[in-house]
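For the protein sequence lines, the chains are A and B, in the order given.
In terms of this note's numbering, the first sequence opens at residue 1 and continues consecutively.
In terms of this note's numbering, the second sequence opens at residue 311 and continues consecutively.
The beta-carbon is built from N, C-alpha and C at its ideal position, and this holds for glycine as well.
There are 2 protein chains.
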Amino acid sequence: MDASRHLGLDLGATNLKWALLERRGDAWSIRDRGQTPTGADEGADAVLDRMAALVGEASAGADAPGTVGVGVPGLYDAERGTTTFLPNLPPEWTNLPVVAELGRRVGMPVRLVNDARAFGLAELWLGAGRGCRTMAGFVLGTGVGGVVVVDGHVHFGHDGTGGELGHQTLLPDGPPCTCGNRGCLEAFARADRIAAACGTDTPEEAVRAARAGDETAIAGLARIGSWLGIAVANVAVTLTPERVVIGGGVAQAGDLLLEPVRAEVRRRVHVTDLAQLEIVPAELGPWAGAIGAGVHGASVAAVTPSRLAS
Amino acid sequence: MDASRHLGLDLGATNLKWALLERRGDAWSIRDRGQTPTGADEGADAVLDRMAALVGEASAGADAPGTVGVGVPGLYDAERGTTTFLPNLPPEWTNLPVVAELGRRVGMPVRLVNDARAFGLAELWLGAGRGCRTMAGFVLGTGVGGVVVVDGHVHFGHDGTGGELGHQTLLPDGPPCTCGNRGCLEAFARADRIAAACGTDTPEEAVRAARAGDETAIAGLARIGSWLGIAVANVAVTLTPERVVIGGGVAQAGDLLLEPVRAEVRRRVHVTDLAQLEIVPAELGPWAGAIGAGVHGASVAAVTPSRLAS
């Protein structure tokens, strides 16, 4: 079967990650990957130029990609090919026509995707969700991203916001969430709240401390795991996924986080067979966003945007 | 286009409802419907005979059905064609081979479905969910049933338990639920809790009292609506449905229940466009279960169970 190549870019507030993928039918492999500082303070044009330069470098060899997918940390309009709201990037990234601007620079089809849905695509096709028909994913980072897969497809919803599992309400009068609600999963399990619960400055430190036996950190991860477990339980009764994939820095804690999740799910779910549910760590680490963006971009391989056709 | 006819039976603890449907392609209509007491105390054989008699009556005219679907209030094994656990029927209904037993009596294909998923199929094809790609449904009855529709299909999950939205946790240390968990939607919104919240004996009385201006009943329905609203909000961020359909006796309260639901959803959902979400009452009333069972049964129209082929 013929191979095709697809570049994925993961636009973060700090770093711009990229992954070059090869596809043969449904089999995907990672050819190369890397990252460079986003440099968002230099302005959107400079960032777009930097993204175009990465595409140019990837296109220099024999393995030139045919499509580009861009994962963005927030909301976008798939039809118009624009961002709509990226809370952690400068305001000029609101309503920025990324598909047209980057497409013009690189001369190939460009497609946008939310970074958490990109995580889901990556884990589904190349990672911990391989072979799943129904899957849910949580990405514990600065915020808490989510994704759901139903019948083998990432569920984007009408506007790409399907699967925002971090904004389930877990405690109606709970702590305020950045979204405006109270008691969302994100209000308990975003990076600063994990660090605070563990008595550390960052989730990464919390993981190190817990592994070294620090009881405050271990108890903190267990509390976070219980909240995450309630969210997993709610997804379990809603969708009966075969696998729930937990990613983000704190997932490095492994069973120090996942065993409390599993215990909470066992405590709460009695209406479906839990023997059919695995709760597992993500496999692709910080590269999932770029990889998933590449997978998403590939699905327009046969489409030429109107801006490119003119 | 040729028409085919399909019978649906809704096996309740008290009543056995039936609906005779006609299908032309994707267009469904209801030819006739009715109910008879289940008579569960006379034993499962008597109930199966009664079900077979209903099929016989429906088959007497020119409009004879070609398939039978049976909605059951609980768990079943689709592959084996047996019930597995029906909490409100006598214990002999556990592991009862309904497909084989009823199929033998009526000589046509029989298929099982959970009654809440049948509600979803009915509202999707013939009711308030017509034309939806993504939909969620809640049925507020003795318990609280649920159903989700993704990409135009009811999501059954691996064992038919997909969509159990009544068993989302809304308050981690909330009141005990019949399922074994605490703080499920069902623990707030099942019939006896609705009646208690409204100072009446039944949800139907609560609706009448609230309509007559009784302030306790109005406030009770508003509290129930708020809990239901949290559950709707969680489904909204997970699946971004176009429509959420609320059924069951208390849905007769209309906006006395639904306005508090909508207000709670507006308070909680900030990560997807609520202009795309309608929260509406079900349209098919107590007949949804029988109608949806008929729709589900029709999907085996071309299949002859092995017991019938021999």
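Assign B:P383 to one of two classes, buried (16 or more other C-beta atoms within 10 Å of its C-beta) or exposed (fewer than that).
buried
What are the start and end residues of the beta strand (DSSP E) that includes A:H6?
4–11
Around the C-beta of A:T36, are 16 or more other C-beta atoms found within 10 angstroms, so that it is buried, or is it exposed?
exposed
Just to confirm the assignment, what range does the beta strand (DSSP E) spanning B:V457 have?
454–460
Integer-rounded CB distance, given that B:D359 should sit under 8 angstroms from B:D425:
Incorrect: roughly 21 angstroms between the Cβ atoms, too far for contact.
Reduced DSSP secondary structure (H/G/I, E/B, other) of B:E514:
helix
Should B:R578 be flagged as near chain A, meaning a C-beta pair shorter than 8 angstroms?
yes
Between which two residues does the alpha helix (DSSP H) containing A:P260 stretch?
255–268
Report the residues of the stretch 238–263 of chain A with a CB closer than 9 angstroms to any CB of chain B, ordered along the chain.
T238, L239, T240, P241, E242
Which class does B:A499 belong to by DSSP, given the choice of helix, strand or coil?
helix
Assess contact between the stretch 280–297 of chain A and the stretch 117–124 of chain A, defined as three or more Cβ pairs (one per stretch) separated by less than 8 angstroms. Is contact present?
yes
Could you tell me whether any Cβ in chain B is nearer than 8 angstroms to the Cβ of A:Q35?
no
To the nearest angstrom, how far is the alpha carbon of B:D524 from that of A:T178?
39 angstroms
Should B:L330 be labelled buried (16 or more other beta-carbon atoms within 10 Å of its own) or exposed?
buried
Quick check: what's the CA-CA separation for B:L495 versus B:P375?
38 angstroms
Own chain partners of A:V242 with C-beta closer than 6 angstroms, once the 5 adjacent residues on each side are dropped
With the sequence shown as reference, residue 242 of chain A is identified as Glu, and Val is not the correct amino acid for it. Excluding sequence neighbours, A:E242 sits near C132, T134.
Is the beta carbon of A:T67 closer than 8 angstroms to that of A:P97?
no
When the cut-off is 8 angstroms and only beta carbons count, does A:N95 lie next to chain B?
no
Taking the CB atoms as reference points, tell me whether B:G490 and B:E474 lie closer together than 8 angstroms.
no
So what does DSSP say about B:P401, is it helix, strand or coil?
helix
Give a yes or no on whether the C-beta atoms belonging to A:G141 and A:G225 are separated by under 8 angstroms.
no
Are the C-beta atoms of B:A543 and some chain A residue less than 8 angstroms apart?
yes
Counting only beta-carbon separations shorter than 8 angstroms, does A:N114 have a partner in chain B?
no
Can you tell me which of the three DSSP states B:N544 falls into?
helix
Anyone know if the C-beta pair for B:T582 and A:Q168 falls short of 8 angstroms?
no
Three or more C-beta pairs below 8 angstroms linking the stretch 217–231 of chain A and the stretch 261–275 of chain A:
yes
Quick one: grab the DSSP three-state call for B:D524.
coil
Express the C-alpha separation of B:G509 and B:T526 in angstroms, rounding to a whole number.
7 angstroms
For B:G439 and B:V555, the rounded distance between their alpha carbons
7 angstroms
For B:K327, which residues of its own chain have a beta-carbon under 6 angstroms away from its beta-carbon, when the five flanking residues on both sides are left out?
D320, Q345, A600
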